[in-house]
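Read left to right, the sequence shown gives residues 2 to 252 (the working numbering). What follows is one structure encoded as structure tokens, with my remarks underneath.
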Amino acid sequence: LLPGRSLAKVLAEDGRMPVERIAKIGSQIAKALIAAHSEGVVHRDLKPDNVIVMDIPGERDFIKVLDFGIARFVDETQAQQLTTEGAVIGTPAYMSPEQVQGTPPDLRTDLYALGIILFEMVTGQVPFSAPTTLSLIVKHIKDAPPRPSDLAPNVPPKLERLILKCLEKDRDARPADAAEVVRELEALAQSATTTVDLAPKPKRTALWVGLGLAVTAAIAIGAWALTSPGHTPDDTSPKRLYPQFTQLTPA
2 LLPGRSLAKV LAEDGRMPVE RIAKIGSQIA KALIAAHSEG VVHRDLKPDN
52 VIVMDIPGER DFIKVLDFGI ARFVDETQAQ QLTTEGAVIG TPAYMSPEQV
102 QGTPPDLRTD LYALGIILFE MVTGQVPFSA PTTLSLIVKH IKDAPPRPSD
152 LAPNVPPKLE RLILKCLEKD RDARPADAAE VVRELEALAQ SATTTVDLAP
202 KPKRTALWVG LGLAVTAAIA IGAWALTSPG HTPDDTSPKR LYPQFTQLTP
252 A
């Protein structure tokens with residue numbers, strides 16, 4: 002077994018990811034597809050469960066793409082040796098429109114699945130969900146995906162455009178190949194000057210309430226000290242009377 006966590010587990014435990022991490026993980030998945038596609042092989046079941054995220058010496062988030070068990074060759078003569086023609090094989094949440102309709106896949110079929118994975122890393126959810134497999138299949142065929150920015154407003158426009166391009170129903174409208182996806186993601190990572198966190202920010206109300214209570218308590222203690230018998234002028238030093246206030250005052 003490989004050390005590390007599946008991307009599905011990473012998403013469940015870590016939630017939405019910063020853009021730089023999305024670009025790094027996504028580009029490595031796309032590079033694995035380049036290697037497979039160069040041999041004429043379509044994965045057909047690309048999903049977070051089949052992506053292992055490892056921390057190795059000198060590198061965090063090193064990716065391995067696994068489970069080519071239902072992969073097939075693009076060449077239909079070879080493909081007939083691996084699967085029954087017209088069979089619907091894959092994981093419904095990550096299957097392309099051509100897959101769910103039982104038509105032969107090609108290299109761009111995997112790019113649709115990669116688009117769903119990118120969408121999930123950005124938003125924390127898949128673009129299509131339904132109570133039954135049949136209704137989910139219909140959504141893949143007919144429904145437009147939601148815009149990632151509707152669920153994660155901070156997503157960079159270039160990343161959103163790439164995701165939506167991968168999720169085009171017409172495979173001719175998707176990126177030409179996985180190399181195009183790598184170029185887009187690497188350019189996105191290089192152009193990012195600051196970390197863009199797509200995770201929803203926690204509410205700060207409790208923090209400010211706590212600060213207010215601490216300040217109020219400090220003032221009350223200071224007032225008592227100033228009016229108590231035996232205090233000396235040196236006792237009125239702000240750092241002596243209100244050390245907590247000094248530490249809690251915003252810079």
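We put the beta carbon where it would ideally sit given N, CA and C, even for glycine.
Residues near R6 in its chain [Cβ-Cβ closer than 6 angstroms; skip 5 each side]
For the purposes of this step, residue 6 is taken as residue 5 along the sequence shown, with counting starting at 1. Same-chain partners within the cutoff: V54.
Over the uninterrupted beta strand (DSSP E) stretch that includes D56, give me the two end residues.
What you label residue 56 is simply residue 55 of the sequence shown in a count that begins at 1. D56 -> beta strand (DSSP E) spans V52 to I57.
Judging by CA-CA distance, which residue of E169, P157, K32 and T133 is the nearest neighbour of V182?
Within the sequence shown, numbered from 1, the residue matching residue 182 stands at position 181. Here the closest residue by C-alpha is K32.
Specify the secondary structure class of I64 as computed by DSSP and reduced to three states.
Numbered from its first residue, the sequence shown carries residue 64 at position 63. Of the three classes helix, strand and coil, the one that applies to I64 here is strand, per DSSP.
Please report the Cβ distance between R45 and G91, rounded to the nearest whole angstrom; I am assuming they are in contact, meaning their Cβ atoms lie under 8 angstroms.
What you label residue 45 is simply residue 44 of the sequence shown in a count that begins at 1. What you label residue 91 is simply residue 90 of the sequence shown in a count that begins at 1. Confirmed, about 6 angstroms.
Inter-residue spacing [alpha-carbon to alpha-carbon] between Q100 and L137
Residue 100 sits at position 99 when you count from the first residue of the sequence shown. Residue 137 sits at position 136 when you count from the first residue of the sequence shown. The alpha-carbon atoms of Q100 and L137 are separated by roughly 13 angstroms.
Sorted by chain position, which residues of the same chain lie with C-beta nearer than 7 angstroms to P149's C-beta, five sequence neighbours on each side aside?
Indexing the sequence shown from 1 puts residue 149 at position 148. Closer than 7 angstroms at Cβ, skipping near neighbours: F120, V123, T124, V156, E161 and I164.
Can you tell me which residues form a DSSP beta bridge with R6?
What you label residue 6 is simply residue 5 of the sequence shown in a count that begins at 1. V54.
Looking at the unbroken alpha helix (DSSP H) that takes in K25, where does it start and where does it end?
Against the sequence shown, residue 25 aligns to sequence position 24. It spans V20 to S39 - the alpha helix (DSSP H) in which K25 sits, taken as one unbroken run.
Can you tell me the Cβ-Cβ gap for K65 and L3, rounded? I've got them flagged as a contact below 8 angstroms.
Position 64 of the sequence shown holds residue 65. Position 2 of the sequence shown holds residue 3. Between L3 and K65 the Cβ distance is about 6 angstroms, and since that is below 8 angstroms, they are a contact.
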